[in-house]
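So the structure is just underneath, and the comments pick up after that.
In our numbering, the protein residues as written are 71 to 686.
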């Protein structure tokens with residue numbers, strides 16, 4: 071049998087094994103009873119259903135019998151050429167069985183109609199063995215050689231119905247008929263060949279698309295499968311190619327941290343492949359992307375502890391985002407104002423030492439420098455900037471914050487060291503960092519206070535209140551040149567017997583202790599100084615007084631601050647006592663000797679003068 075679609079020979083079955091078309095069972099050849107009126111006869115053993123035309127048709131003999139014409143009126147011929155039977159000298163070789171000729175279509179002769187009805191799917195005819203064709207008579211035409219073998223048929227194809235031409239009139243050439251038949255045959259050949267070629271091209275394109283898909287050339291496979299439309303399973307593979315094309319974009323999206331885009335594609339891949347390996351792979355990758363997305367979202371919300379936990383929970387991307395754990399640690403350290411830890415983590419990210427081994431085991435000079443920052447602190451901010459090189463804006467901001475933090479801490483240290491002007495300059499530089507602007511006010515207030523004390527000390531000095539000046543400058547000895555000023559407040563010790571004051575006929579001699587200087591003052595009843603003398607340590611001196619009753623005060627000390635502050639706060643200031651009385655009576659024509667601090671057996675006691683030098 072011959073397939074009506076692809077034209078290939080098949081042995082049997084209901085469907086063509088080459089194209090899948092349903093195969094119609096071959097019809098038995100119809101027989102025609104030869105008309106008695108015909109001048110020619112067809113051998114009885116030859117099937118009369120279809121006659122095979124010779125390649126060179128014989129000349130047509132005019133029809134003369136009335137019976138033949140009547141027959142023609144009753145049942146016109148259906149385009150089958152008439153073959154005259156002429157005795158041949160030698161019989162033609164018997165043709166091998168062949169499929170219907172494509173050059174001359176076989177048509178059944180009908181006694182009922184004059185046109186061939188349209189056929190949707192031509193039935194495959196059984197091969198017809200050609201009867202021996204006698205050679206044409208010499209008188210009519212040159213002998214035509216009989217074909218030794220019938221032409222091989224091309225696949226049968228569906229053709230548009232063609233009206234059967236009326237039988238040719240006697241003695242007219244058959245060329246028009248041959249031309250018509252040739253045109254019909256050409257249409258059949260081209261149509262059959264077109265179907266076969268079209269199917270072949272579809273298969274070739276499908277195979278090419280499949281090969282492109284196997285080679286992961288998904289753009290080409292998508293284009294080809296899309297062109298094939300509904301051919302076989304092309305629609306599925308076109309969709310599969312599109313999914314794979316999208317899947318190839320995931321790495322780039324992840325690299326650009328477009329996790330929303332990656333998650334969308336991975337969800338489509340997971341949905342498309344389901345529970346097979348690629349679907350599970352897409353699901354796992356989608357979960358990772360969702361975790362990374364959540365980790366960055368927590369970072370954006372400054373929830374660095376939660377973000378760090380998310381980054382630590384990664385599996386596929388754990389190494390890719392390992393540095394983010396250090397960045398989160400840096401942010402946490404920044405929150406806790408642990409600036410050295412911020413810098414150490416940034417340096418660890420830069421060098422790949424995410425475990426910060428360089429802190430305890432520095433190898434390079436840079437390692438040692440950063441280690442010193444971590445362990446001891448530093449104010450070499452320019453060197454920090456030259457060693458730590460941030461990779462992005464986030465790290466740059468962290469480094470700048472850490473350096474500001476170090477400066478901020480250093481400003482407080484300067485404040486503790488009473489270097490308020492230096493601290494003030496740093497706080498001003500820091501601007502709105504933390505509470506630096508507030509600390510500007512604090513530092514400025516302290517500076518104003520110190521300047522005021524400095525000015526007061528200077529006034530004391532100018533007024534001869536050298537001890538007060540010294541005390542004031544000593545309190546702010548860190549400020550300006552206060553320390554030097556204070557050292558200059560100690561005055562030269564007066565000479566023995568100097569500062570003498572007194573008159574009268576009574577002589578009072580005073581002996582000073584061996585290791586301490588003394589200043590003695592004598593007061594009248596009005597508490598006015600009427601006698602005074604400076605006695606150097608281990609020396610003696612005397613003054614003149616009038617007879618009368620007096621009170622005596624003595625100042626002791628080793629440093630002299632002038633007549634106002636005397637021996638300063640470190641001096642001893644005593645009120646001498648005569649027994650229980652503070653009054654001493656000196657009589658006329660007597661001489662008196664006063665031995666200061668001579669021992670516990672003396673007859674003069676003492677009590678402390680209130681107010682120190684001011685009480686003298």
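Ideal Cβ placement from N, Cα and C applies to all residues, glycine included.
Using only the alpha-carbon positions, how far apart do residue 558 and residue 524 sit?
14 Å
Tell me, please, which residues DSSP counts as bridged to residue 576.
615
DSSP three-state assignment for residue 495, whether helix, strand or coil
helix
What residues in its chain sit with their C-beta under 7 Å from that of residue 660, if we drop five residues either side in the sequence?
576
Going by DSSP, name the residue or residues bridged to residue 644.
624 and 678
Suppose only complete runs of 4+ residues qualify. What are the alpha helix (DSSP H) ranges in the segment 473 to 548, listed by chain order?
Listed in chain order, the complete alpha helix (DSSP H) runs (minimum 4 residues) inside the segment 473 to 548 are 490 to 500, 506 to 532 and 536 to 545.
DSSP three-state label for residue 586, please.
coil
Let's test the definition: count the other Cβ atoms within 10 Å of the Cβ of residue 553 and tell me whether it reaches 16, buried, or not, exposed.
exposed
Assuming residue 581 and residue 640 form a contact by the criterion Cβ under 8 Å, report the distance between their Cβ atoms to the nearest whole angstrom.
23 Å between Cβ atoms; not a contact.
Could you compute how far the alpha carbon of residue 635 sits from the alpha carbon of residue 566?
18 Å
Kindly indicate the opening and closing residues of the beta strand (DSSP E) around residue 654.
653 to 656
Assuming residue 412 contacts residue 468 under a Cβ cut-off of 8 Å, what Cβ separation, rounded to an integer in Å, is found between them?
6 Å
Since residue 562 is in the alpha helix (DSSP H), which residue starts that stretch and which ends it?
Segment: none, residue 562 is in no alpha helix (DSSP H) and carries neither H nor E.
Taking 8 Å as the threshold (C-beta atoms), are residue 648 and residue 624 in contact?
no
The segment 411 to 429 / the segment 456 to 464 touching (three or more Cβ pairs under 8 Å):
yes
If I measure Cβ to Cβ from residue 429 and keep anything under 7 Å in the same chain, skipping five residues before and after, which residues do I get?
414, 441 and 444
Give me, in chain order, the residues of the same chain whose beta-carbon lies closer than 8 Å to that of residue 574; leave out the 5 immediate sequence neighbours on both sides.
For residue 574, same chain residues with a beta-carbon under 8 Å away, outside a window of 5 residues either side, are 614, 615, 616 and 617 in chain order.
Tell me which same chain residues have a C-beta within less than 6 Å of the C-beta of residue 608, skipping the five on either side of it?
584
Along the chain, where does the alpha helix (DSSP H) that runs through residue 405 open and close?
392 to 405
Under a three-way DSSP split, which group does residue 267 fall into?
helix
Could you check which residue in 308, 302, 406 and 267 has the C-alpha nearest to that of residue 294?
308
Any idea if residue 340 is buried or exposed, counting beta-carbon neighbours within 10 angstroms, 16 or more meaning buried?
Flag for residue 340 reads buried.
Can you give the Cα-Cα distance for residue 356 and residue 338, rounded to whole angstroms?
10 Å
Using three-state DSSP, classify residue 632 as helix, strand or coil.
helix
Give the straight-line distance between the Cα atoms of residue 333 and residue 361, rounded to the nearest whole angstrom.
11 Å
List the endpoints of the continuous alpha helix (DSSP H) containing residue 324.
Boundaries of the alpha helix (DSSP H) around residue 324: 320 to 325.
Per DSSP, the bridge partner or partners of residue 601
In DSSP, residue 601 forms a bridge with 592.
Name the residue from 638, 637 and 568 whose alpha carbon lies nearest to the alpha carbon of residue 604.
568
CA-CA distance, residue 346 and residue 381?
28 Å
What do you reckon, are the CB atoms on residue 600 and residue 644 nearer than 8 Å?
no
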